[in-house]
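The sequence shown begins at 86 in the numbering used here and counts up one residue at a time.
What follows is one structure encoded as structure tokens, with my remarks underneath.
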Amino acid sequence: MIRTIILFLIIFSVVVISHELGHFLIARKNGIRVIEFSVGMGPTIFSFRKGGVKYALKPLPIGGACLFEGEDGLENQEEEEAVQADRSEGIPFPKAGVWSRIATIFAGPFFNFLLAFVVALVLNAFSGADLPTVGKVVENSAAMEAGLQEGDVITRIDHERIHFYREVMLISSLNKGETMEVHYERDGQEGVTYVTPKYSEEDQRYYIGIANGGEYLKCNPLQVFQYGFYEVEYWVKLTFKSLGMVLQGQVTKEDVSGPIGIAKLVGDSYDHAEENYGTASAILTMLEIVVLLSVNLGILNLLPFPALDGGRLVFMLIEVVRGKPIPPEKEGMVHFAGLVVLMLLMVFVMYNDIMKLVR
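Structure representation (structure tokens):
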């Protein structure tokens, strides 16, 4: 349990700090005055002040913040006293140019994608890439009827380029019986066929009928960067597919996890990898989770919802179009309402996590 908590806090801290660091660095670059840089939410349990910025650690591992002077038109006595007592160089957030503010807000999610890419480079340098090679064609399966053979390399399914074997498995698991156009390479020649997955009554899902694939490629330096990009692209596509399933009502509350559920995933994944493959494999598994969470945080923060970075960007883009900003008091009220909704959602998710643990 202690190891799980420590691993989760390390991973969470790396992902959140990278996000807030993006805001912080670009704000400073654009001359915007930063009031507070914090990790976690809730009351401050530890803080120090340097260069006019309050650096704080808070107990709830569900987020972080990089606060700018005058942000949302909301001021408080603590902020004003801090600014007067130890004023750093820079200007209030609302007085910065609109493109400087857009760059500052966008930098948080961008740094999440940058972190994911850097970690993906490490993963591919050490573990290589699972190529979409067909290992075995199951007897009387859809794949066999479509003419796929052992050793075929799948390059495209419908309009989606394929780079990893796990992409084939993901598309297979999400398929509801629709016919797929499958492009492949065999002995240096390109081919195309049509596969209609077959339904398994036992497993209650559709299968295309290939197994034991995923020949591993040991990446050279150039391929490390190439497949590092593909790795991030894979998690981006998976995140959008997951969001699509949520919007279509295909996800139940049992499929949703918050910090507690993620912590359990971290602990279970580490234990499984260490027990079966050793400590080095367990560490690489943790890096995979860093990529997953960092991409998820980057995408979720870009959603156009109040209080999220995407919601703030919407207001700034409106300002670009109309030539003047929305009154900061009104924008602040919208973001506050969004924050309340997000906090209620987080309470529900955490309660759901706890109930799943005690069952």
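Built from N, CA and C at the ideal position, the CB exists for glycine as well.
For the ligand ADP, is there a heavy atom less than 7 Å away from the beta-carbon of GLY352?
Of the ligands one can find in the structure shown there are none, so the ligand ADP has no counterpart to examine.
Compute the distance between the beta-carbons of GLU266 and TYR279, then report whether it is under 8 Å.
Indexing the sequence shown from 1 puts residue 266 at position 181. Indexing the sequence shown from 1 puts residue 279 at position 194. With respect to the 8 Å criterion, GLU266 and TYR279 are classified as neighbours on the basis of their beta carbons.
Contact belief for GLY127 with LYS143 at Cβ below 8 Å, rounded distance in angstroms
Against the sequence shown, residue 127 aligns to sequence position 42. Against the sequence shown, residue 143 aligns to sequence position 58. A Cβ-Cβ separation of about 5 Å places GLY127 in contact with LYS143 under the 8 Å criterion.
When GLU121, GLY273, ILE95, LEU94 are compared against LEU106, the one with the closest alpha-carbon
For this step, residue 106 is matched to residue 21 along the sequence shown. Closest option to LEU106, Cα to Cα, is GLU121.
Tell me whether the beta-carbon of VAL253 lies closer than 8 Å to the beta-carbon of TRP320.
For the purposes of this step, residue 253 is taken as the residue at position 168 of the sequence shown. For the purposes of this step, residue 320 is taken as the residue at position 235 of the sequence shown. Not a contact, by the Cβ cut-off of 8 Å.
What did DSSP end up calling SER285 once you bin it into helix, strand or coil?
As a first step, residue 285 must be located in the sequence shown, where it is residue number 200. SER285: strand per DSSP, three-state reduction.
Across which residues does DSSP place LEU302 in a beta bridge pair?
Walking along the sequence shown from the start, residue 302 turns up at place 217. DSSP lists ALA214 as the bridge partner or partners of LEU302.
With H, G and I counted as helix, E and B as strand and the rest as coil, what does DSSP make of GLU322?
If you number the sequence shown from 1, residue 322 lands on position 237. Checking the sequence shown, residue 322 turns out to be Lys, not Glu. Helix at LYS322.
Confirm, please, whether the CB-CB distance from GLY298 to GLY220 is below 8 Å.
One-based indexing of the sequence shown puts residue 220 at position 135. One-based indexing of the sequence shown puts residue 298 at position 213. Yes, the Cβ-Cβ distance between GLY220 and GLY298 is below 8 Å.
Bridge partners - GLU266, DSSP secondary structure assignment:
Locating residue 266 in the sequence shown gives position 181, counting from the first residue. Answer is TYR279.
Cβ separation of VAL207 and GLY294, assumed to be a contact under 8 Å, to the nearest whole Å:
The residue given as residue 207 occupies position 122 in the sequence shown. The residue given as residue 294 occupies position 209 in the sequence shown. With 8 Å as the limit, VAL207 and GLY294 do not qualify as a contact, their Cβ atoms being about 35 Å apart.
Just to confirm, is the Cβ distance from TYR315 to HIS268 under 8 Å?
For the purposes of this step, residue 315 is taken as the residue at position 230 of the sequence shown. For the purposes of this step, residue 268 is taken as the residue at position 183 of the sequence shown. Cβ distance not < 8 Å, so TYR315 and HIS268 don't count as in contact.
Roughly how many whole angstroms lie between the Cα atoms of ALA365 and ASN381?
As a position in the sequence shown, residue 365 is number 280, starting the count at 1. As a position in the sequence shown, residue 381 is number 296, starting the count at 1. Cα atoms of ALA365 and ASN381: separation of roughly 25 Å, rounded to the nearest angstrom.
According to DSSP, simplified to helix, strand and coil, what is SER123?
Numbered from 1 along the sequence shown, position 38 holds the residue referred to as residue 123. Note: SER123 maps to strand in three-state DSSP.
Quick test of your reading: MET371 and LEU199, contact by CB under 8 Å. State the CB separation rounded to the nearest angstrom.
Reading the sequence shown from its first residue, position 286 is the one you call residue 371. Reading the sequence shown from its first residue, position 114 is the one you call residue 199. With a Cβ gap of about 19 Å, MET371 and LEU199 do not count as contacting.
DSSP-derived helix/strand/coil call for LEU142:
On the sequence shown, residue 142 is found 57 positions in, with the first residue counted as 1. DSSP places LEU142 in strand when its eight states are reduced to three.
Out of curiosity, what's the CA-to-CA distance linking ASP438 and LEU328?
Along the sequence shown, one-based indexing puts residue 438 at 353. Along the sequence shown, one-based indexing puts residue 328 at 243. Straight-line Cα distance between these residues: approximately 19 Å.
By alpha-carbon positions, which one of ASP243, GLU300, PRO282 ends up nearest to GLY262?
In the sequence shown, residue 262 corresponds to position 177, counting from 1. Residue nearest to GLY262 within the set ASP243, GLU300, PRO282 is PRO282 (criterion: CA-CA distance).
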